[in-house]
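Visitor:
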Amino acid sequence: MKLSPVPLEAAVSAPAEWWQIVAALGPPAVLAGAVLAAFIGWRTLRQKAVADAQALRQRTRADDRAEWWKRTQWALDKALEADEDAKALGLASLAVLARSDLAREEELELLDIAWQSVTEANGGEGTWDEDVEAVDSAEPIGDNGTTSTDRTEEGRP
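Mapping of the sequence shown onto the numbering used here: residues 84 to 240, in sequence order.
1. Could you tell me whether the segment 155-162 touches the segment 133-143, using the rule of 3 or more Cβ pairs below 8 Å?
2. Just the Cα atoms here: how many angstroms apart are Gly124 and Leu194?
3. Taking all protein chains shown into account, decide if Ala97 is buried (16 or more other Cβ within 10 angstroms of its Cβ) or exposed.
4. Going by other Cβ atoms of all chains shown within 10 Å of its Cβ, with 16 needed for buried, is Ser200 buried or exposed?
5. Please return the same chain residues whose Cβ sits closer than 8 Å to the Cβ of Glu164, not counting the five positions on each side in sequence.
6. For Trp198, is the classification buried or exposed, using 16 other Cβ atoms within 10 angstroms of its Cβ as the cut-off for buried?
7. Helix, strand or coil for Lys131? Go by DSSP, reduced to three states.
8. Determine the extent of the alpha helix (DSSP H) in which Leu177 is found, giving its start and end residues.
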């Protein structure tokens, strides 16, 4: 007599264990955590880039103002010299520096006082509004610092 295998039917109707459910949710949870970490990292980098750009603008503005003040000190020193040419150069420089957007209200008042002091010493000649030929010349300034491009040959050794 030969025995033949008989299929055995087994029905499992018990619910899944809690650890089986947690194990099944593991990969989507890891993916969600990675997406959240990437988003937080992106926001942090974006915030740092904005803060760095703002700090650069602020530092550039402060450097520009510091350089403006150095030029103003130089112009004030020149304006107070006894030599008339140096005085004219200093006053012309002060006129240009006063038109800069880097000058604050109190600095403009300081320049006005200095201008009045120098002009009173000269007998009251000169105002902020007078045209200074060296500054307000209609001729363009060349690339190499010349005062006219039509009378020079630039780039020649």
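Ideal Cβ positions, reconstructed from N, Cα and C, are used throughout, including at glycine.
Guide: According to the structure data:
1. Because the criterion of three Cβ pairs below 8 Å is not met, the segment 155-162 and the segment 133-143 do not touch.
2. Translated into positions along the sequence shown, residue 124 becomes position 41. Translated into positions along the sequence shown, residue 194 becomes position 111. About 50 Å.
3. Taking the first residue of the sequence shown as position 1, residue 97 is located at position 14. Result: exposed.
4. Reading the sequence shown from its first residue, position 117 is the one you call residue 200. Residue environment analysis places Ser200 among the exposed positions, since fewer than 16 neighbouring C-beta atoms fall within 10 angstroms of its C-beta.
5. For the purposes of this step, residue 164 is identified with residue 81 of the sequence shown, where counting begins at 1. Excluding residues up to 5 positions away in sequence, Lys170, Gly173 lie with their Cβ nearer than 8 Å to the Cβ of Glu164 in the same chain.
6. Within the sequence shown, residue 198 is the residue found at index 115, counting from 1. Looking at its Cβ environment, which holds 16 or more other Cβ atoms inside 10 Å, Trp198 is buried.
7. Locating residue 131 in the sequence shown gives position 48, where the first residue counts as 1. Annotated three-state conformation of Lys131 is helix, per DSSP.
8. Here residue 177 corresponds to residue number 94 of the sequence shown, with the count starting at 1. Segment 167-181, the alpha helix (DSSP H) holding Leu177.
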